[in-house]
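S.K.: One structure is given below, represented as structure tokens, and several questions about it will come after.
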Ligand SMILES: [Fe+2]
Ligand SMILES: [Fe+2]
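Residue numbers (the numbering used here): 10 to 252.
See below:
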């Protein structure tokens, strides 16, 4: 775990000459070391879960015309409540955190966003084609989640909580495949909403929809990151959920 104020120095040390054994950081490694990075990377459309999290932070910044040092400084400036170090906390605590923070809130948030999308589309017939695409993409994300999360809750997480993650390789691979599909849908959502930038004349309901979709995307990236990069790798080798 990197402590506040040390992030830039620590990241830059990975590039120092004479330290060739240290791999350059990827965005997903950065978020694992410092959860504050998730918000900043999301803001700059830098992927940190699924496949996109595997290029180096420097490459990801270069491709977007960003200065890696500015991005690290922005992360340092983030204020977030203290969180457990999920690479060390008991697996059972991490599973409960994922359920309480990332699964249960969707029970209300997904229908709310679908209702908002239908309202906005109905209120703006002049943008019906565009808003119809947004609505369809959101519906696909909802369908994906509604078939994905019950499998985690009813099959995979109970195995992990029982300390049997090492026999759950196949369910984890299925979940990782579904995460990649979800990641593609989230990229499509960002594209079809113009990066969640509402038109200047958008009504408050339209703005609320875009804000909600932006927040949903950020939340799902953190959710998938916790599962793909921390929970599943740890569960594969853990002798029990208490470790
Ligand atoms: Fe999940
Ligand atoms: Fe998942």
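Glycine included, C-beta positions come from ideal geometry on N, C-alpha and C.
Source: prediction; values computed, not measured.
Just mark residue 10 as buried or exposed, buried being the case when its beta carbon has 16 or more other beta carbons within 10 Å.
M.R.: At residue 10 the pLDDT is 47, less than 50, meaning the model places this residue with poor confidence; the figure from the coordinates comes in the next sentence. Exposed.
S.K.: Taking only runs that begin and end inside the region 32 to 70, name each unbroken alpha helix (DSSP H) of 4 or more residues, in chain order.
M.R.: Whole alpha helix (DSSP H) segments, 4+ residues: 36 to 42 and 46 to 52.
S.K.: Classify residue 181 as helix, strand or coil using the three-state DSSP reduction.
M.R.: In this structure, residue 181 counts as helix in the three-state DSSP scheme.
S.K.: Sorted by chain position, which residues of the same chain lie with C-beta nearer than 7 Å to residue 87's C-beta, five sequence neighbours on each side aside?
M.R.: Counting only Cβ-Cβ distances below 7 Å, and skipping sequence neighbours, we find 45, 48 and 49.
S.K.: If the criterion is Cβ atoms closer than 7 Å, does the pair residue 240 and residue 103 meet it?
M.R.: Yes, the pair counts as a contact, with Cβ atoms nearer than the cut-off.
S.K.: Three-state secondary structure (DSSP) at residue 75?
M.R.: Three-state DSSP puts residue 75 in coil, outside helix and strand.
S.K.: In three-state DSSP terms, what is residue 94?
M.R.: Residue 94: coil per DSSP, three-state reduction.
S.K.: Between residue 236 and ligand 2, is there a pair consisting of the residue's CB and a ligand heavy atom that are separated by less than 6 Å?
M.R.: Yes.
S.K.: How is the alpha helix (DSSP H) around residue 126 delimited, first residue to last?
M.R.: Counting along the chain, the alpha helix (DSSP H) containing residue 126 begins and ends at 113 to 132.
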